[in-house]
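Chemist: Residue numbers for the sequence shown follow full-length UniProt numbering, beginning at 1 and rising by one.
We put the CB at the ideal spot given by N, CA and C, even for glycine.
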Amino acid sequence: MTMDEVREFERATQEATNRKIGVFPPAISISSIPLLPSSVRSAPSSAPSTPLSTDAPDFLSVPKDRPRKKSAPETLTLPDPEKRATLNLPGTHSSEKPCRPKLE
Numbered sequence: 001m002t003m004d005e006v007r008e009f010e011r012a013t014q015e016a017t018n019r020k021i022g023v024f025p026p027a028i029s030i031s032s033i034p035l036l037p038s039s040v041r042s043a044p045s046s047a048p049s050t051p052l053s054t055d056a057p058d059f060l061s062v063p064k065d066r067p068r069k070k071s072a073p074e075t076l077t078l079p080d081p082e083k084r085a086t087l088n089l090p091g092t093h094s095s096e097k098p099c100r101p102k103l104e
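Below you can see the structure in the form of structure tokens.
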């Protein structure tokens, strides 16, 4: 179907529906909504209002006397790059020579 055929089908369906059940006035009237000044209507009603202050409200501020959460120790000891830290695992060699596969 082309778009013109779709539009014609929808128009014919709407006309047939209107003949069968009649035309109903809309249930919501625009005039029943109180008119507000344009400064108030600048945003949709679902939009949050602009805060009057940039400070966070008291219930959102972090208490000053609360100690900081520590997820890691204060001093983290890293291995000295000058010294080679070796990890002795079972089945491994602790020699300084690189490991080469055995040729059979």
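Where do the N-terminal and C-terminal ends of the alpha helix (DSSP H) with Val6 fall, by residue?
Modeler: As a position in the sequence shown, residue 6 is number 6, starting the count at 1. Its alpha helix (DSSP H) spans residues 3-21.
Chemist: If you reduce the DSSP assignment to three classes, tell me which class Arg59 lands in.
Modeler: As a first step, residue 59 must be located in the sequence shown, where it is residue number 59. According to the sequence as given, residue 59 is Phe; it is not Arg. Reduced to three states, the DSSP call for Phe59 is helix.
Chemist: Check Ile28 in the structure and name its three-state DSSP category.
Modeler: Walking along the sequence shown from the start, residue 28 turns up at place 28. Residue state, collapsed to three classes: coil.
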